[in-house]
Structure formats: C-alpha cells, structure tokens
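My numbering applies: residue 4 is where the sequence shown begins, and numbers increase by one.
Every residue, glycine too, gets a C-beta built ideally from N, C-alpha and C.
Quick caveat: nothing in here was measured; it's all calculated off a predicted structure.
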Amino acid sequence: MGTAEKIVYMDNNATTAVAPEVIEAMLPYLTDYYGNPSSMHSFGGQVGSAVSKARQSVAALLGCDPEEVIFTSCGTESDSTAILSALRANPERRHIVTTRVEHPAVKNLCENISTFTGHKYRLTMLKVSEEGMVDMEEYLSALSDDTAIVSMMWANNETGVIFPIAELAKIARDRGILFHTDAVQAVGKIPIDLSGLNVDFLSLSGHKLHAPKGVGVLYVKRGTAFSPFMAGGHQEHGRRAGTENVASIVALGRACQLAQEKMAEENSRVKKLRDKLEEGLLASVPKSLLNGHKQMRLPNTANISFEYVEGEAILLHMNRFNICASSGSACTSGSLEPSHVLRAMGVPFTAAHGSIRFSLSIYNTEEEIDFVLDKMPAIIANLREMSPFWPGD
Ligand code: PLP
C-alpha cells in the first residue's frame, strides 16, 4: 500500500489505508477543481455538484435521504454535535443515558457535559455483560420522562461487539426520547439501513472506511430538531458552517460507493481471515482468550487477551516484524491502565493488561494471517518467560 517496507497492517479500527479508487476520485478536487461550492459561477457550481453526488453516495450506503446527511470534520465532531443538539432541543430534560463502553468521543463529552452546556445533568452509564452486551433490563429501567438523549455505539471499537441498535432505538422512540448512535466502526463493515429505524442521529468517520482523515458525517433524521455546533456561513443548509472539505467529501462518497459494492463479498472474506487468525491464536497460545461476544461482532475484529503479559510489550515485539495492531491498555500518567471497555466487561486484570486488538480490512491477505500465526506464539512465550507472574503452562 505504498509504504517502503512491507507492513502487516491489522489496526484498521484505528485507521484505514485510503483506497486507490478513492485517491483517484479526490485528486481532481485538489488540483483542477478548486472552486468554492458556494460560489455563483459554474466553476464553483461543478464542485458543488461533486459534493451533492458524494452526499447521495453516503445516503445510499446508509439507506437515508441525501438531505439527512451533514458533512463534518470527523466522527468526534458528529458525536458532539448530535448530543449537544439533542440537549438544546430538550432544555427541560436533564438526564443522559449512554453505556460504559463508549468511545471517548461520547464518554468524555457525557462525563464533562456541564463544561459544555453550563447545566448539570444526571448521567446513566449502562453496564455491559461479560460479552460486552448492553443489559436490556437496566436500559428499560434507566429511561425516564427526564431523559433527553440516549447515545449508544453501533459497534465497539475495541471488541467489535455490535449492539442491537434497531431494538434499542425503538425503545427510546416509544418513550419520546431522542436516540443517537456512534456508528463510526459499523459503517462499511456491516449493512445499515436507516430507512426503517428509529435512529435520530448517527455518526460516521471517513478514515475508518478507506477515505482520508478529517471528514465525517452526521445523519439527522428528517423532522428531528437540530441546532448547529458552530455559528458561521450557510453551508450544509445552515447546519454545519465552514467551507466544505471538498476533496475529502468526494473521497468519502467514493469510499461509501465502494463499501456498498463490495461489502457482502469482501466482508465475508475478511471474516474468514479473522476467524482463521482468531482460532489459530487461541489454539496455539496457552492461556489466551477472546474478549467480546462471539457472534454479535464486527467481521474484522478480534480482541484477544494473552494472560500474564503486557499488551504494550507484545506490541513492541510485534513491531519488530512490522505487524501493526493495538493494545487494550493505554499509558496514562505513567501507569498502564487497562481499557475502560474491558474493565466494564469484567475482564480479569491479568487478562485485560495483555489484550491485543487485531482489526483487519479488505487489504489483508491469507499470507499475512499465516505470518502472524507463525510469529505470535514465540513472542508470547518469550515475554512470559521474563514475567514474574507467569505460573507456567
Ligand atoms: N467513535 C468510535 C467508535 C471510534 O472508533 C472513533 C475513532 O476511533 C471515533 C468515534 C472518533 O472518530 P474520529 O477519529 O473521526 O474523530
């Protein structure tokens, strides 16, 4: 993929390679077609048409109307815009419902909501099961007349666990509560059809589906009260001010087209590769376990804990072979904290610390899977030999 050294890239939930077809589609909008889509002249007008075409491609992938698509700068902006808009639309309601496993784009906003709104809110962060599934009973009893918004991710970025969004959104709608879903990890990986769903807001991000970084979408259902995040010009029908990131919007449109054309076939191929990797690792490395629901999971994600070793140490050793993945722990203020997602699932400390997320894409090959399966057992065994905690096989 254009890199000097051969990289085995299995970190696609962090970001993806921009597809060659996407680069081809966006390049003219960085060179010849540099007009402003808001300009009156036809040089700008043709750029405006390209933005409209991209909007149609996004809408086709989501099963919604092009007018319901607002281009933003990233998934994080879409999340913030949706949640803050819902709170402004319901000023008398002071309760937010979300889950303990959300991405920081939702979690950190909800936990610090008074800083952004100037008001105090009651926050319910729903528990999840050992498999990372939301608890329906708890959800039902959390909702009240005071709830302004429910925000739940479609698919988890660390484990790939998929929430039953249709059901969750219907429950909110039946009670007159707005529903937002962070679908940043779901779009392009699993089919989404918003036409029959009770979802009011949905966030997605270009760089997770082979478009560049710096472009996202917020879907807002027709008729849902909406107020913009920023004041400024009339772009995006007054819903998102600022001159459009045209080349990246065109790129996202093309990426959505590709996802729609290829999803069924490619994702079943990716799932086969993921299953081979997962089963191979679990079979060849003692004391390794899968985190997250076995079936209700993205086809590309395997989050595996290797007990008694540190995820960061594993990543460093994988890096020597140019294998890229992520660990479930983050180095915060000098101490290694296991991820909030794995902690919410009750993954034991010794396992949470040694978790590695492998996230594949359409560009991974069977040879790469074989290469990783060949290297991993020795990496883990060597690290365990050095670990004072390793009790032995
Ligand atoms: N939500 C989820 C589930 C994500 O995985 C990410 C990125 O990792 C984001 C939101 C943030 O998206 P962006 O990087 O486009 O702001």
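(message) I'd like to confirm something about Cys77: is its beta-carbon nearer than 7 Å to some heavy atom of ligand 1, or not?
(response) For Cys77, the Cβ falls inside the 7 Å cut-off from some heavy atom of ligand 1.
(request) Classify Leu412 as buried or exposed, calling it buried when 16 or more other Cβ atoms lie within 10 Å of its own Cβ. (result) Any answer about residue 412 is impossible in this case: the structure gives the chain only from 4 up to 396.
(request) Report the rounded CA-to-CA distance for Asn306 versus Phe361, giving the unit in angstroms. (result) Taking the straight line joining both Cα atoms gives about 6 Å.
(request) Compare the C-alpha of Gly331 against each of Thr34, Val344 and Met156 and name the closest. (result) Nearest option by C-alpha distance: Val344.
(message) Considering only DSSP beta bridges, list what Thr150 is partnered with.
(response) Thr150 is bridged by DSSP to His98.
(message) Please identify the residue among Thr184, Leu200 and Ser342 whose C-alpha is closest to the C-alpha of Ser83.
(response) Of Thr184, Leu200 and Ser342, the residue nearest in Cα terms is Thr184.
(request) Please specify which runs of the alpha helix (DSSP H), each continuous and at least 4 residues long, are wholly inside the segment 31 to 105, giving them in chain order. (result) Qualifying alpha helix (DSSP H) stretches, in chain order: 45 to 65 and 78 to 92.
(message) Please classify Arg277 as buried or exposed, where buried requires at least 16 other C-beta atoms within 10 Å of its C-beta.
(response) Arg277 is buried by the Cβ-count criterion.
(message) Restricting to runs no shorter than 3 residues, where is the beta strand (DSSP E) found entirely within the segment 166 to 230?
(response) List check, beta strand (DSSP E) in window: 181 to 185, 204 to 208 and 219 to 223.
(request) Kindly list the residues whose CB is nearer than 8 Å to the CB of Arg225, restricted to its own chain and excluding five residues on each side of it in sequence; keep chain order. (result) Around Arg225: Asp68, Glu70 and Glu71.
(message) Let me make sure I understand the geometry here. Which of Val187, Ile165, Ala169 and Val153 has the alpha-carbon closest to that of Gly179?
(response) Taking only the C-alpha atoms, the option nearest Gly179 is Val153.
(request) Note down, in chain order, each residue of its chain lying with its Cβ closer than 6 Å to the Cβ of Phe182, except the 5 sequence neighbours on either side. (result) Excluding residues within five positions, the ones whose Cβ falls inside 6 Å are Val153, Ala172, Ala175, Val202 and Asp203.
(request) Compute the Euclidean distance between the alpha carbons of Val218 and Gln188, then round it to the nearest angstrom. (result) Roughly 14 Å between the two C-alpha positions.
(message) Going by DSSP in three states, Met128 sits in which element: helix, strand or coil?
(response) In the three-state scheme derived from DSSP, where H, G and I count as helix and E and B as strand, Met128 is classed as strand.
(message) Out of Leu129, Glu133, Thr150 and Asp148, which one is the CA nearest neighbour of Glu140?
(response) For Glu140, the closest alpha carbon among the candidates Leu129, Glu133, Thr150 and Asp148 is that of Leu129.
(message) Strictly by DSSP, which residues pair up with Glu369?
(response) Partner(s): none; Glu369 has no beta bridge.
(message) Under 7 Å: does the beta carbon of Val187 sit that close to some heavy atom of ligand 3?
(response) Inclusion of ligand 3 in the displayed structure is not the case, the ligand content consisting of ligand 1 alone.
(message) Below 8 Å, how does it come out for the segment 76 to 92 and the segment 209 to 223: are there three or more Cβ pairs, yes or no?
(response) Taking 8 Å as the limit for Cβ pairs, the verdict is that the segment 209 to 223 does touch the segment 76 to 92.
(request) Quick one: give me the first and last residue of the alpha helix (DSSP H) that Ser271 is part of. (result) Counted as a single uninterrupted DSSP element, the alpha helix (DSSP H) harbouring Ser271 occupies residues Val249 to Ser287.
(request) Give the secondary structure of Arg387 by DSSP, where H, G and I count as helix, E and B as strand, and everything else as coil. (result) In the structure shown, Arg387 sits in a helix (DSSP, three-state: H, G or I).
(message) Any heavy atom of ligand 1 closer than 7 Å to the beta-carbon of Ser208?
(response) Relative to ligand 1, the beta carbon of Ser208 is positioned inside 7 Å of a heavy atom.
(request) Apply the 10 Å Cβ neighbour rule to Val21 and answer buried if 16 or more other Cβ atoms are within range, or exposed otherwise. (result) Label assigned to Val21: buried.
(message) Just to confirm the assignment, what range does the alpha helix (DSSP H) spanning Arg346 have?
(response) DSSP places Arg346 inside the alpha helix (DSSP H), whose first and last residues are His343 to Ala347.
(request) Answer yes or no: the CB of Met128 versus the heavy atoms of ligand 1, is any distance below 7 Å? (result) No; taking the cut-off as 7 Å, the Cβ of Met128 has no heavy atom of ligand 1 nearer than that.
(request) Figure out for me which residue from Arg242, Gln260 and Ser342 has the closest Cα to the Cα of Ala57. (result) Of the listed residues, the one whose Cα sits closest to Ala57 is Gln260.
(request) Kindly indicate which three-state DSSP category Leu301 falls into: helix, strand or coil? (result) If DSSP states are grouped into helix, strand and coil, Leu301 belongs with coil.
(request) Could you check if His213 is buried or exposed, using at least 16 other CB atoms within 10 Å of its CB as the buried criterion? (result) His213 is buried by the Cβ-count criterion.
(message) Could you tell me the alpha carbon to alpha carbon distance between Ser147 and Ala53, rounded to whole angstroms?
(response) Each residue's alpha carbon lies about 44 Å from the other.
(message) Using the three-state DSSP reduction, which class does Ile382 fall into: helix, strand or coil?
(response) If DSSP states are grouped into helix, strand and coil, Ile382 belongs with the helices.
(request) Classify Phe119 as helix, strand or coil using the three-state DSSP reduction. (result) Collapsing the DSSP output to three states places Phe119 in a helix.
(request) Name the two residues that bound the continuous alpha helix (DSSP H) containing Ser26. (result) According to the sequence provided, residue 26 is Ile. The question's Ser does not apply to it. Boundaries of the alpha helix (DSSP H) harbouring Ile26: Pro23 to Met29, taken from the DSSP string.
(request) Output the boundary residues of the alpha helix (DSSP H) element that contains Asn111. (result) Segment Pro107 to Glu114, the alpha helix (DSSP H) holding Asn111.
(message) As a quick exercise: from Glu24, Ala228 and Ala244, pick the residue whose alpha carbon is nearest that of Met235.
(response) Reading the sequence as shown, one finds Gly at residue 235 and not Met. With distances taken between Cα atoms, Gly235 lies closest to Ala244.
(request) Can you tell me the Cβ-Cβ gap for Ala354 and Glu310, rounded? I've got them flagged as a contact below 8 Å. (result) In this structure Ala354 touches Glu310 by the C-beta definition: roughly 5 Å separates them, less than 8 Å.
(request) Verify the contact flag: Gly219, CB atom, against every heavy atom of ligand 1, threshold strictly below 7 Å. (result) Yes, Cβ of Gly219 sits closer than 7 Å to a heavy atom of ligand 1.
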